[in-house]
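A.B. asks: Would you mind keeping the following structure in view while I ask a few things?
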Amino acid sequence: MEAIESLAASPERPAIRGSVMVVDDDPASLKLMEKILQPRSRYEVRSFSRGRMALTAASERPPDLILLDIKMPEMTGYEVCERLKSSAQLSGIPVIFISALNAPEERLRGFRFGVVDYVSKPFQFEELQARVDTHLRLRSLQQKSEKDNYFLQEMVQTQIKTIAGARVETVFAIAKLAESRDDQTGRHLERIQTLCRLMAVGFSELTKYKTTVDSSWIRTLYYSSALHDIGKVAIPDRILLKPGPLTPEEFAIMKTHAALGAQTLRTLHGRYPDNELIEIGIEIAQSHHERWDGTGYPDGLAGEVIPLRARILAVADCYDAIRSRRCYKPAIPHDETCAIILQESGKHFDPTVTAVFSELAGTFQDMWRQMDMHSTCRQP
803 MEAIESLAAS PERPAIRGSV MVVDDDPASL KLMEKILQPR SRYEVRSFSR
853 GRMALTAASE RPPDLILLDI KMPEMTGYEV CERLKSSAQL SGIPVIFISA
903 LNAPEERLRG FRFGVVDYVS KPFQFEELQA RVDTHLRLRS LQQKSEKDNY
953 FLQEMVQTQI KTIAGARVET VFAIAKLAES RDDQTGRHLE RIQTLCRLMA
1003 VGFSELTKYK TTVDSSWIRT LYYSSALHDI GKVAIPDRIL LKPGPLTPEE
1053 FAIMKTHAAL GAQTLRTLHG RYPDNELIEI GIEIAQSHHE RWDGTGYPDG
1103 LAGEVIPLRA RILAVADCYD AIRSRRCYKP AIPHDETCAI ILQESGKHFD
1153 PTVTAVFSEL AGTFQDMWRQ MDMHSTCRQP
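Here you go:
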């Protein structure tokens, strides 16, 4: 106890503010570590006698450092550490094992579980405080580095968006021109972008797609989706603007807009080969009328051979087309539109896409209502 009081009375070191969690089933050990770490309020110390309690508290308010005993009831220190390292929220928190288990294999096992240091009981007060100081400094530097990297990435992404936006501006204008020829479609492209992004975010939460559908993937889909019908600039007005049903010959011409749009974008991509938005626009324009069962056009692709972005856009495009008033049909209510789309699951549409759509149907309705819903063009 005199040694502890001596530490408290020693000349003040540079202040290191931080939150330290101590987990030990021995009340005496908990009290001792609190008294070592709390003089002059250098640290906020939270103590727990059980691993489960500590995990719950860490999830609610993550500490900067965890001092963890190994041999505890209910959950061992190894089990607690494994749970921490498997959590995306908590995996970065440094863990120091404090234990009377001093065998080399115990130390190695701890390091394999991801601990950053190992302090043997009984420990020297100065040693424990020095190690805590060191790892809190390292944690602070790591967090600062992560924060700096985050802002740097944000700046880079902002520049990428600016450059990409400038490059695709002309293409988007052409897409709007094609849309405006099709009897004043209003905000069809903007609605498609919004609905595609909404479904892509839904996909990002599925285990199968977590590593694929990230923020960059979602962003490229959002911007490139506007290019899906760019091929309509080549469709004659007599077909594009026809108020009645198309003949088989006319519909065959109408269907060429998918391949024509992709070819137009390929020509543009030849001039801007590093533009990812145009590259993704090619696959969307080419494949957004393919069907899951292989009966679509222009290539008769089936199943997962169809690019995922095109499969997502197909459902968003269909929803918007059915909901919108056309010169040859009235607007269809939301519930009826959803029923039509879900009936085509496994035939026209990818079942996974329709499942995500079904989960988000209410949000689809709300977002669609917030945008301009007046549209009179044909959406084949």
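Numbering (the numbering used here), first residue to last: 803 to 1182. Just so you know, even glycine gets a beta-carbon here, dropped at the ideal spot from N, CA and C. Note that the structure is predicted; figures quoted are calculated from it, not measured.
Just to confirm my understanding: we take Ala902, look at its own chain, exclude 5 residues before and 5 after, and list those with CB closer than 6 angstroms. What are they?
C.D. replies: For Ala902, where only same-chain residues beyond five positions count, the Cβ hits under 6 angstroms are Lys923.
A.B. asks: As a quick exercise: from Ser1018, Ser849 and Pro865, pick the residue whose alpha carbon is nearest that of Asp871.
C.D. replies: For the residues Ser1018, Ser849 and Pro865, the minimum Cα distance to Asp871 belongs to Ser849.
A.B. asks: When we look at the beta-carbon of Ser888 and count the other beta-carbons within 10 Å, is it buried (16 or more) or exposed?
C.D. replies: Answer is exposed; the Cβ neighbour count stays below 16.
A.B. asks: Kindly confirm or deny that the stretch 992 to 1007 and the stretch 1102 to 1115 touch, where touching means at least three C-beta pairs closer than 8 angstroms.
C.D. replies: Contact between the stretch 992 to 1007 and the stretch 1102 to 1115 is present, because at least three Cβ pairs lie under 8 angstroms.
A.B. asks: Helix or strand or just coil, what does DSSP make of Phe927?
C.D. replies: Three-state DSSP puts Phe927 in a helix.
A.B. asks: For Glu908, I'd like the list of residues in its chain whose CB is within less than 8 angstroms of its CB, leaving aside the five on either flank, ordered along the chain.
C.D. replies: If we look at Glu908 and ignore the five residues flanking it on each side, its Cβ neighbours are Ile872 and Ser901.
A.B. asks: How many whole angstroms separate the CB atoms of Gly1102 and Ala1060, which I take to be in contact at a CB cut-off of 8 angstroms?
C.D. replies: 12 angstroms between Cβ atoms; not a contact.
A.B. asks: State the DSSP-derived secondary structure class of Ser1197, mapped to helix, strand or coil.
C.D. replies: With the chain represented from 803 up to 1182, any question about residue 1197 goes unanswered, as that position is not in the structure.
A.B. asks: Using only the alpha-carbon positions, how far apart do Ser876 and Ser851 sit?
C.D. replies: As written in the sequence, residue 876 is Glu, which differs from the Ser given in the question. Their Cα atoms are separated by approximately 11 angstroms.
A.B. asks: Of the choices Ile1142, Ala1123 and Ala1141, whose alpha-carbon is the least far from that of Ala1133?
C.D. replies: Checked all of Ile1142, Ala1123 and Ala1141; the closest Cα to Ala1133 is Ala1123.
A.B. asks: Is it right to say Ala801 is buried, meaning 16 or more other beta carbons lie within 10 angstroms of its own, or is it exposed?
C.D. replies: Outside the shown range of the chain, which is 803 to 1182, sits residue 801, and nothing can be said about it.
A.B. asks: If you draw a straight line from the alpha carbon of Val847 to that of Ile868, how long is it in whole angstroms?
C.D. replies: Each residue's alpha carbon lies about 10 angstroms from the other.
A.B. asks: Can you find at least 3 beta carbon pairs, one from the stretch 926 to 945 and one from the stretch 852 to 859, that sit closer than 8 angstroms?
C.D. replies: Output reads no: the stretch 852 to 859 does not touch the stretch 926 to 945.
A.B. asks: Which partner residues does Val1035 have in the DSSP bridge list?
C.D. replies: Paired residue(s): none; Val1035 is not in a bridge.
A.B. asks: Could you please give the first and the last residue of the uninterrupted beta strand (DSSP E) stretch that includes Asp826?
C.D. replies: Careful: Asp826 lies outside any beta strand (DSSP E) and carries neither H nor E.
A.B. asks: Can you tell me which of Ser1126, Asp826, His1150 and Glu992 puts its alpha carbon nearest to the alpha carbon of Thr878?
C.D. replies: Checked all of Ser1126, Asp826, His1150 and Glu992; the closest Cα to Thr878 is Asp826.
A.B. asks: Under 7 angstroms Cβ to Cβ from Gln1172, same chain only, skipping five residues before and after it: list those, please.
C.D. replies: Cβ within range, chain order: n/a, list empty.
A.B. asks: Can you name the start and end residues of the alpha helix (DSSP H) that Tyr880 belongs to?
C.D. replies: Start and end: Gly879 to Lys887.
A.B. asks: For the pair the stretch 1143 to 1160 and the stretch 1090 to 1110, tell me if three or more CB-CB distances fall below 8 angstroms.
C.D. replies: Because the criterion of three Cβ pairs below 8 angstroms is met, the stretch 1143 to 1160 and the stretch 1090 to 1110 touch.
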